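From first to last, the protein sequence lines are chains A and B. Quick note: the first sequence uses the numbering used here, first residue 87, plus one each step. Quick note: the second sequence uses the numbering used here, first residue 87, plus one each step. Glycine included, every Cβ here is placed at the ideal spot set by N, Cα and C. This one's a predicted model, so the numbers in the text were calculated from it and none came from an experiment. Take a look at the structure set out below.
Protein chains: 2
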Amino acid sequence: MNPAAANIEEAILSAILAGRINPGTRLGEQKLADLFSVSRTRVREAMMRLETRGVVQVSARRGWYVVEPSADEAREAFQTRRVIETGLLHTLRAVPSEVVKSLKEHVAIEREAIAAGDVHSRACLLGDFHIHLADALGNRLLTEIIRDLTARTTLISMLYQPTEKAAESSHDHEDIVAALEAGDIPLAARLMDEHIQKVEAGLNLTAKPDPLAGLRELLSPSTFAGAPPSMPGAANGAHGHGHAHTHHSHASAKED
Amino acid sequence: MNPAAANIEEAILSAILAGRINPGTRLGEQKLADLFSVSRTRVREAMMRLETRGVVQVSARRGWYVVEPSADEAREAFQTRRVIETGLLHTLRAVPSEVVKSLKEHVAIEREAIAAGDVHSRACLLGDFHIHLADALGNRLLTEIIRDLTARTTLISMLYQPTEKAAESSHDHEDIVAALEAGDIPLAARLMDEHIQKVEAGLNLTAKPDPLAGLRELLSPSTFAGAPPSMPGAANGAHGHGHAHTHHSHASAKED
DNA sequence: GCTCACAAACTTGTATACAAGAATGTAAGC
DNA sequence: GCTTACATTCTTGTATACAAGTTTGTGAGC
């Protein structure tokens, strides 16, 4: 595969996994081409690959956009994750001690990031746990599948998750690792199942994603100070920033 | 997505699933472009997508080739299928009666094809069973993942499977459906696990795929009659077609 | 007769030019 | 002042031309 195109692909995917790119973000071909110092051809190649992997979409002659999964797609993604990750644990007969060890280390790093209030790496690490688990088994194919799925669920969380529950997720991870260490694989599988269901249940899938989310963010109170005078078309009720809307998107909303 | 490119992609994928394309087959850009009456650009688009999905590979300035999975990759693919398909069954609490019904119909069609000796559609249907099962659950994402995996395992079977075991596979399918109908989902999951393991065990993964398989086929006895006279470089031992080689590839070797 | 070096043909890799359409800005009409 | 029609600009869609490399074919030399 082309190294340059692979770089772009990987850069975008890992940015999504890290919660640095919001769903709905527009990815212009020329801008990416300039940024990576390659021609549009390469960028298009990377984008088409990402489209196949389900993380971006093209709108004809308008541009490439990071996907904004619908509620239905969100349910499918979570169901698929449950199927695969519990299936993974069920299939195992024993977990190698090195794997348990590296998972414990991962959880420790998670806790550290949470304790330190490091929102950014925390979000990244929480999603990474599952990838790490698959990776530890040495099945590259399965790892890649879970990685793509995690990118999806990360975006979903950013769209539908109203609150942060990082500590809780990390606690779940800890329990799963403990069960694995104790050799109680059915328990681990059950915990994993419950964990993913819990995360899904924490989402507000009835609230449709707000197509204006990006704009609203720009109009939030903190940025009002620097706003240009006499903003035209501020056809809003006068509640300052109120806007009774159940949904709000925030940068590092990833939870799992 | 581009309709023309999507057609090419789908045509190639379903040909693989049907066992009509052998692993290692070369897919020239220009030839495909002529065949589908599109430009190379579109063909390349489809090929890159298929590469992302793991069914073709490009060899620099030589061409695109249908993948020939290594023994390691074969193990990964089967492990992944076991994980996902048993996970799928384990996750279920109940199976809707319509799903059972459509699965029974599918198995009936399988048996018919086998009884009629219809090698071609039989191979296609056997792989289709699993896709059908996923599809019946209405999860498009999961269906697509299993579809791609099935393409992989089909190619693997064509490379490593020395014998045909179609009837056996269909019998397994029947048992699985029976368990589902009886509502005994854990049993169905166990049967599925055993089924996939059995298919994998039926492969000869120690025998390295023969890079000359395609050539050997062309030199098989049946085609010898019409062979051009005084074939140059027939540097073979004089055993007619013997060639003590553990592996031989045949067109419709798909088993599952 | 066999091997090796060179040339020709063929195939993918990449960039670029231009076409087609969408979004935006502008001005005329009511 | 507001709406609507049109022109402009920006972005992707597509094809094509050429570059780069691989394979095949040919002939000279031993």
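Original post:
Is any beta-carbon of chain A found at less than 9 Å from that of Asp279(B)?
Top reply: For the purposes of this step, residue 279(B) is taken as the residue at position 193 of the second sequence. So yes, Asp279(B) belongs to the interface.
Original post:
On the three-state DSSP scale, how would you describe Leu103(A)?
Top reply: In the first sequence, counting from the first residue as 1, residue 103(A) sits at position 17. Looking at Leu103(A) - three-state DSSP - the assignment turns out to be helix.
Original post:
Are the segment 187–204 of chain B and the segment 214–231 of chain B in contact at 8 Å, needing three or more beta carbon pairs?
Top reply: yes
Original post:
Looking at Ile242(B) and Ala163(B), is the spacing between their C-beta atoms short of 9 Å?
Top reply: The residue you call residue 163(B) lines up with position 77 of the second sequence. The residue you call residue 242(B) lines up with position 156 of the second sequence. With respect to the 9 Å criterion, Ala163(B) and Ile242(B) are classified as neighbours on the basis of their beta carbons.
Original post:
Using a C-beta cutoff of 9 Å, does Leu174(A) count as contacting chain B?
Top reply: If you number the first sequence from 1, residue 174(A) lands on position 88. Yes, contact with chain B.
**OP:** Flag Thr166(A) as yes if its beta-carbon sits less than 9 Å from any beta-carbon of chain B, otherwise no.
**Re:** Residue mapping note: residue 166(A) aligns to position 80 of the first sequence, counting from 1. True, the Cβ-Cβ gap to chain B drops below 9 Å.
Subject >> Pair within 9 Å by beta-carbon distance, Cys210(B) and Leu103(B) >> reply: Taking the first residue of the second sequence as position 1, residue 210(B) is located at position 124. Taking the first residue of the second sequence as position 1, residue 103(B) is located at position 17. Taking 9 Å as the Cβ cut-off, Cys210(B) and Leu103(B) qualify as a contacting pair.
**OP:** Please check the pair Arg126(A) and Gln116(A), which I expect to be a contact at CB under 8 Å, by giving their CB distance rounded to whole angstroms.
**Re:** Stepping through the first sequence from its first residue, residue 126(A) is reached at position 40. Stepping through the first sequence from its first residue, residue 116(A) is reached at position 30. Their Cβ separation, rounded to whole angstroms, is 6 Å, which keeps Arg126(A) and Gln116(A) in contact under 8 Å.
Subject >> Outcome for Thr240(B) when other beta-carbon atoms lying within 10 angstroms are tallied against a minimum of 16 >> reply: As a working mapping, residue 240(B) is identified with position 154 in the second sequence. The residue is buried, with at least 16 neighbouring Cβ atoms inside 10 Å.
Subject >> the segment 163–183 of chain A / the segment 278–292 of chain A touching (three or more Cβ pairs under 8 Å) >> reply: yes
Original post:
Starting from Ser145(B) and walking both ways along the beta strand (DSSP E), at which residues does that stretch end?
Top reply: Position 59 of the second sequence, counting from 1, holds the residue named residue 145(B). Start and end: 142–145.
Original post:
Are the CB atoms of Pro182(A) and Leu245(A) nearer to each other than 9 Å?
Top reply: On the first sequence, residue 182(A) is found 96 positions in, with the first residue counted as 1. On the first sequence, residue 245(A) is found 159 positions in, with the first residue counted as 1. Cβ atoms of Pro182(A) and Leu245(A): not closer than 9 Å.
Subject >> Segment limits, beta strand (DSSP E) that includes Gly173(B) >> reply: As a position in the second sequence, residue 173(B) is number 87, starting the count at 1. Counting along the chain, Gly173(B) falls outside any beta strand (DSSP E), though it belongs to the alpha helix (DSSP H) covering 157–177.
Original post:
Grouping DSSP H, G and I as helix and E and B as strand, with all else coil, what is Ala97(B)?
Top reply: Along the second sequence, read from residue 1 onward, the residue named residue 97(B) stands at position 11. DSSP places Ala97(B) in helix when its eight states are reduced to three.
**OP:** Taking Val152(A) and Thr111(A) to be in contact with their CB atoms under 8 Å, please state how far apart those CB atoms are, rounded to whole angstroms.
**Re:** For the purposes of this step, residue 152(A) is taken as the residue at position 66 of the first sequence. For the purposes of this step, residue 111(A) is taken as the residue at position 25 of the first sequence. That pair is a contact at about 5 Å.
Subject >> CB contact flag (Glu159(B), Arg238(B), <9 Å) >> reply: Taking the second sequence and counting its residues from 1, the one referred to as residue 159(B) is at position 73. Taking the second sequence and counting its residues from 1, the one referred to as residue 238(B) is at position 152. Yes. Within cutoff.
Original post:
Given a limit of 7 Å on CB to CB distance, which residues of the segment 134–149 of chain B reach chain A?
Top reply: Met134, Arg135, Thr138, Arg139
Subject >> Beta-carbon proximity check, Met278(A) vs Thr172(A), cutoff 9 Å >> reply: By one-based count along the first sequence, residue 278(A) stands at place 192. By one-based count along the first sequence, residue 172(A) stands at place 86. In contact: Met278(A) and Thr172(A) (Cβ atoms closer than 9 Å).
Subject >> Residue range of the unbroken alpha helix (DSSP H) whose run includes Val263(A) >> reply: One-based indexing of the first sequence puts residue 263(A) at position 177. Looking at the DSSP string, the run of the alpha helix (DSSP H) that includes Val263(A) is 252–267.
Original post:
Roughly how many whole angstroms lie between the Cα atoms of Leu175(B) and Leu291(A)?
Top reply: Position 89 of the second sequence holds residue 175(B). Position 205 of the first sequence holds residue 291(A). Straight-line spacing of the CA atoms in Leu175(B) and Leu291(A) works out to 25 Å.
Subject >> CB contact check: Thr239(B) to chain A, cutoff 9 Å >> reply: On the second sequence, position 153 is the one that residue 239(B) refers to. No, Thr239(B) lies away from the interface with chain A (no Cβ there is under 9 Å from its Cβ).
**OP:** Indicate whether Ala132(B) and Gly269(B) have their beta-carbon atoms separated by less than 9 Å.
**Re:** One-based indexing of the second sequence puts residue 132(B) at position 46. One-based indexing of the second sequence puts residue 269(B) at position 183. At least 9 Å separates the beta-carbon of Ala132(B) from that of Gly269(B).
Original post:
Roughly how many angstroms lie between the CA atoms of Met134(B) and Ser255(B), to the nearest whole one?
Top reply: Working through the second sequence from its first residue, we reach residue 134(B) at position 48. Working through the second sequence from its first residue, we reach residue 255(B) at position 169. About 33 Å.
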